[in-house]
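Numbering (my numbering), first residue to last: 410 to 640.
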């Protein structure tokens, strides 16, 4: 049989020689380091715990979402409890750092403003982390949860209020009571604002301070933050 070349025809049809497809290099997955894999699993666990809570989240789900096998999760954290403990500990420190860093002003009203804004900003920017904290888990009930963070903040506020009470002739022993009341008011309002997200956080903070500073009998009709008035 004669060889068919480019331009030849067979049976009245022009035949075009076939061109072999170019060879493609097999794609290779980039392997994560142990530290990178750990961070990935922490981020995955944080999201799942925020969405479903501790009890409803399984190691299988964490592994599936991170695209790893279950033994990889066990290798890094020993189990779901270990992963949850790391996630909660990070959020506790992150929230506490934000609030304590924000407390810079000397005037008690401004300190209250700063604490309220710091908490609301954390809720706004780290919504998943805040959801993890407010989902109380029996596993961590006595060591690291939202209540324990707010207690730490209340103790810092207590020292500030104690000095203020003493300078004004009030009983400094009552500072603990007032600090718990103030921080509790801000914290519960923050949990409510987590879901509704309105009005904007500056307005929420202004009204919190309005109630705490002026009391129900002297509420301002349209309160604003002291820091906002200076700009």
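Even glycine gets a Cβ: it sits at the ideal position worked out from N, Cα and C.
- Note on residue 441: under 16 other CB atoms within 10 angstroms of its CB, so exposed under the neighbour-count rule.
- Secondary structure at residue 580: coil, using DSSP grouped into helix, strand and coil.
- By the CB criterion at 7 Å, residue 541 and residue 458 fall inside the cutoff.
- The beta carbon of residue 455 sits closer than 7 Å to those of 496, 537, 538 and 541, all from its chain and outside the five residues before and after it, given in chain order.
- If only uninterrupted alpha helix (DSSP H) runs of at least 4 residues are considered, those enclosed by the region 469–545 are 479–486, 489–511, 517–534 and 536–543.
- Ranked by Cα distance from residue 490, the options 593, 627 and 468 are led by 468.
- Looking only at 466, 500, 506 and 451, the smallest Cα-Cα distance to residue 492 is reached by 451.
- Taking C-beta atoms as the reference points, residue 590 and residue 567 fail to come closer than 7 Å.
- The beta carbons of residue 592 and residue 563 sit closer together than 7 Å.
- The residues 558, 561 and 562, in chain order, have a CB closer than 8 Å to that of residue 505 in the same chain once the five nearest residues on each side in sequence are set aside.
- For residue 624 and residue 572, the gap between their C-alpha atoms comes out near 21 Å.
- Taking all protein chains shown into account, residue 602 has 16 or more neighbouring C-beta atoms within 10 Å of its C-beta and is therefore buried.
- Nearest to residue 574 by C-alpha distance, out of 516, 604, 534 and 502, is 516.
- Per DSSP, reduced to three states, the secondary structure at residue 631 is coil, with no helix or strand assignment.
- DSSP, read as helix, strand or coil, puts residue 557 in helix.
- Note on residue 626: under 16 other CB atoms within 10 angstroms of its CB, so exposed under the neighbour-count rule.
- In the structure shown, the three-state DSSP call for residue 446 is helix.
- Pairing residue 617 with residue 525 gives a Cβ-Cβ distance under 7 Å.
- Here residue 441 carries a coil assignment [DSSP, helix/strand/coil].
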